[in-house]
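Here the structure is laid out as structure tokens; the discussion comes afterwards.
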Amino acid sequence: MTGLTPLHEALLELGLEDWIPLPEILDTPEVRPLVEEGKAVGLVSRALADLLAQDRIQVWFGQWSADPSPAPRELAEELLLDERRYSFGAEDAGLNRVYFVNVANFRAE
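Numbering (our numbering), first residue to last: 2 to 110.
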């Protein structure tokens, strides 16, 4: 990837706000107009993986009731590309909630 698309830029802007749970991304006014319904999860997950590869975001995960922890690099991409993580129902299936944050906002060392 050589340049940032409007979707990449919207995700980076969104990630400046806080830890953003993956299921919330698709309903945000920054992202909603940039993705085609039915393809939204795939487009967003790939864009986030691109930003992770560029070291522009970090991925965090954990139970909703606890503070999240940073995901190890090898796990982070796997979490982003797992389409189940973009639904709040993932927690009902026993999966941790996954978040992303723009490293210009916050970076775990």
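Even glycine gets a Cβ: it sits at the ideal position worked out from N, Cα and C.
Beta carbon of residue i, beta carbon of residue j: below 8 angstroms?
i, j, result
"LEU96", "ARG108", "no"
"ALA41", "LEU27", "yes"
"GLU14", "GLU31", "yes"
Just the Cα atoms here: how many angstroms apart are residue i and residue j?
i, j, result
"LEU5", "VAL99", "23 angstroms"
"ALA50", "SER66", "26 angstroms"
"LEU8", "VAL45", "8 angstroms"
"GLN55", "PRO73", "15 angstroms"
"GLU92", "GLY39", "22 angstroms"
"PRO69", "GLU10", "24 angstroms"
"LEU23", "TYR87", "5 angstroms"
"GLU78", "GLY90", "20 angstroms"
"ALA94", "LEU82", "17 angstroms"
Thinking residue i and residue j are a contact (beta carbons under 8 angstroms), I'd like their distance in whole angstroms, please.
i, j, result
"VAL60", "LEU80", "6 angstroms"
"LEU12", "LEU52", "6 angstroms"
Skipping 5 residues on each side, what residues in its chain have a beta carbon closer than 7 angstroms to that of residue i?
i, result
"ALA105", "LEU17"
"PRO71", "GLN59, TRP61 and ALA109"
"TRP20", "TRP61, PRO69, TYR100 and VAL102"
Enumerate in chain order the residues of its own chain whose CB-to-CB distance from residue i is below 8 angstroms, with the five nearest sequence positions on each side excluded.
i, result
"LEU36", "Note on residue identity: the sequence assigns Val, not Leu, to residue 36. Taken in chain order, the residues that qualify are LEU8, LEU27, LEU44 and VAL45."
Kindly indicate the opening and closing residues of the alpha helix (DSSP H) around residue i.
i, result
"ARG57", "No alpha helix (DSSP H) contains ARG57, which DSSP labels as neither H nor E."
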